Amino acid sequence: MTISLAVLRQSALTLLARRDFSSAELTSRLRQKTTDENLIQQVIEQLLEKGWLDDHRAAASFVRQRIDRGHGPLRICQDMRARGFTGEMVEQTLEEQEPDWEEVALLAWQRKFSSIPKNDKEKAKQIRFLQYRGFSYDIIRCVLNRE
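Each residue of the sequence shown is one higher than the one before, starting from 1 at the first, in our numbering.
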């Protein structure tokens, strides 16, 4: 099925109206509509020129959302790379946000658990939870020792 430039652009704008996408992510979504790489590239370039598509803005928004959900730097980096952000973009965005990772981990821990671990089994469970959320062991140790 052939699709016109205007229809493809409208599809891209509909997606962008919901949330910010990276260029790689939007390209992937548009490939579901057409196999014409030239057409996809034209749409991406038009959106970039008009400022409707901005990788930096999408990365900052993504990082803010993940921090608000209680995710740590390791998990955020992994998720951003999976969405097509470059390593340089990931590092730059995390540096700009400058969150207090210990505080983010403490809030995530407090939402999930009501008290400090009473035994080794509970402690291991809480450590696994914070590791899954993407926090380093140093941060986890600070959180569990703070309480």
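From the three backbone atoms N, C-alpha and C, an ideal C-beta is built for every residue, glycine too. Because the structure is a prediction, the values reported are computed rather than measured.
When the five nearest sequence neighbours on each side are left out, the beta carbons in the same chain lying within less than 6 Å of the beta carbon of alanine 24 are those of Gly84, in order along the chain. Within the model, the alpha-carbon separation for leucine 13 versus methionine 80 is close to 22 Å.
For the region 31-72, not one full-length beta strand (DSSP E) segment reaches 3 residues or more.
Closest in C-alpha terms to arginine 57, from the list Leu47, Thr93, Ala108 and Asp120, comes Thr93. Under the DSSP assignment, isoleucine 139 falls in the alpha helix (DSSP H) whose first and last residues are 137-146.
Residues Gln97 of the same chain have their beta carbon placed closer than 8 Å to that of arginine 64, with the five preceding and five following residues left out of the count. Leucine 15 is positioned such that its CB atom lies no closer than 9 Å to that of arginine 31. Scanning Lys112, Val7 and Asn119 for the CA closest to the CA of arginine 133 turns up Lys112. With 16 or more other Cβ atoms from the protein chains shown falling within 10 Å of its own Cβ, alanine 105 counts as buried.
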